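**Q** What follows is a single structure, and I will ask about it in a moment.
In the numbering used here, the protein residues as written are 16 to 455.
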């Protein structure tokens, strides 16, 4: 040990790496903590002059004295500066757990007013969203339809905002990742459309993995591609692109996959079985044609998306999915980068997901009189005919649905229906009693 002597102190045992700090004198004056409001008025005004408009508006919003010193001009100027207004609202929403800045109408919305992506009975937009361009509404706030096969699932920019808000600030802010997960199945004519989606966060970005299965029991494998329903991976890759002189690589991939099925040489490594990407949409995808035994040829499309950080609708990864973009830009992401980031996080792998979804379809789908049908206890919802949507619960007998016998999906509808019948019966009885009274 090294002995060091401080003035007025005993010898102190000290480690060689330690530093002796004499205690502060009791007579030393305490340093006064300075507050920003203690600064001169001129200095506060000079500070505000160096700030951007949304920062100045936030600065003036701190308390009444700053609002008086800086003035209300910064707040009124936000009406003519949509980008600054959105950033100001985004700052306010950080301290409001149940609010978020809507990029569609440049207002604060209640998070509870945003429907979940897979809610078939919900509006696409909040009823409070006016989409007024005078307040800075942006076309990039339009929802993204993840599925290209009739599923109601779509993601609004607000979903990206709210999920990442909870990620950074915790509950009760925003919504959870599980709120974006969805599974549903639809029967249309002689085909079944199965869709599942899961969300994860990687490097501050919201990533989605979707899987779509198209089961057709009425067409031979040779005609699967040339059917009346157009296949698509995204808005750029579709099977009828050749009509418009666009990229028709998807049709070639599907025909190549089907040829392997016909020759039963799926063990052969071919480029059609590898991972692919859209050069415009920030998305990786893989295409598989799966033999589903008695259910016939099945197309399985697995896609991995990145939707960006949720900070602005101008995020290139969100804008890459914007249907209203006149000149889409190339995202420049390496092939497989989105998939690898998604799969590197904990959760079910894509191969396990494919096996699980296949078992689920074999369990719930069967052939009835040459047509695909859904077992009782199935999941999701289906459509019969044009525009007629019917929710399906696990306890419902789906045979009644196939005969188009309508069963109210809500208790309220059932009560209204019963009340209507009761009123009709009462009115008929009253009329009969009056007629009998007159004759009597």
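We put the beta carbon where it would ideally sit given N, CA and C, even for glycine.
Bear in mind the structure is a predicted one, so any value in this text is a computation, not a measurement.
On a Cα-Cα basis, can you pick out the residue from 318, 63 and 94 that is closest to residue 13?
**A** Nothing can be reported for residue 13: it is not among the residues displayed for the chain, which extend from 16 to 455.
**Q** In whole angstroms, give me the CA-to-CA distance for residue 65 and residue 58.
**A** Rounded to whole angstroms, residue 65 to residue 58 spans 11 Å at the Cα level.
**Q** So, helix, strand or coil for residue 374, using DSSP?
**A** Helix, per DSSP.
**Q** Using DSSP's beta-bridge definition, name the partner residues of residue 312.
**A** The partner list for residue 312 (beta bridge, DSSP) reads 306.
**Q** Give the single residue among 269, 224 and 225 whose Cα lies nearest to the Cα of residue 246.
**A** Cα-wise, what sits closest to residue 246 is 269.
**Q** Pull up the distance between the alpha-carbon of residue 85 and that of residue 324, whole angstroms please.
**A** Roughly 33 Å separates the two Cα atoms.
**Q** Roughly how many angstroms separate the alpha carbons of residue 133 and residue 197, rounded to a whole number?
**A** Approximately 6 Å, taken between the alpha carbons.
**Q** Would you tell me roughly how many angstroms separate the C-alpha atoms of residue 252 and residue 170, rounded to the nearest one?
**A** Each residue's Cα considered, the two are about 20 Å apart.
**Q** In this structure, how does DSSP classify residue 227 when only helix, strand and coil are distinguished?
**A** In the structure shown, residue 227 sits in a strand (DSSP, three-state: E or B).
**Q** State the start and end residues of the unbroken alpha helix (DSSP H) segment that holds residue 60.
**A** Run containing residue 60: 56-64, per the alpha helix (DSSP H) assignment.
**Q** Exposed or buried, residue 199, counting other C-beta atoms within 10 Å across all chains shown (16 or more means buried)?
**A** Flag for residue 199 reads buried.
**Q** Could you tell me which whole beta strand (DSSP E) segments of length 3 or greater appear in the stretch 161-217?
**A** The qualifying runs are 197-203 and 206-217.
**Q** Where DSSP assigns a beta bridge to residue 253, which residues make up the other side?
**A** Partner(s): 247.
**Q** Spell out the partners DSSP gives residue 383 in its beta bridges.
**A** Paired residues: 386.
**Q** What ranges does the beta strand (DSSP E) occupy inside the stretch 82-135, keeping only unbroken runs of at least 3 residues that lie completely in it?
**A** 114-117 and 122-125, all fully within the stretch 82-135.
**Q** Identify which residue in 229, 130 and 301 has its Cα closest to the Cα of residue 461.
**A** There is simply no residue 461 to check, as the chain begins at 16 and stops at 455 in what is shown.
**Q** Where does the unbroken alpha helix (DSSP H) through residue 324 begin, and where does it stop?
**A** No alpha helix (DSSP H) holds residue 324; DSSP gives it neither H nor E.
**Q** According to the Cβ coordinates, are residue 350 and residue 304 closer than 8 Å?
**A** Contact: no.
**Q** Where DSSP assigns a beta bridge to residue 159, which residues make up the other side?
**A** Bridge partners of residue 159: 170.
**Q** Is residue 117 near the ligand FMN, going by C-beta to nearest heavy atom under 7 Å?
**A** What this structure holds is no ligand at all, so the ligand FMN is not there to describe.
**Q** Apart from the five residues just before and just after residue 180, which ones in its own chain have a Cβ nearer than 6 Å to its Cβ?
**A** Excluding residues within five positions, the ones whose Cβ falls inside 6 Å are 188 and 189.
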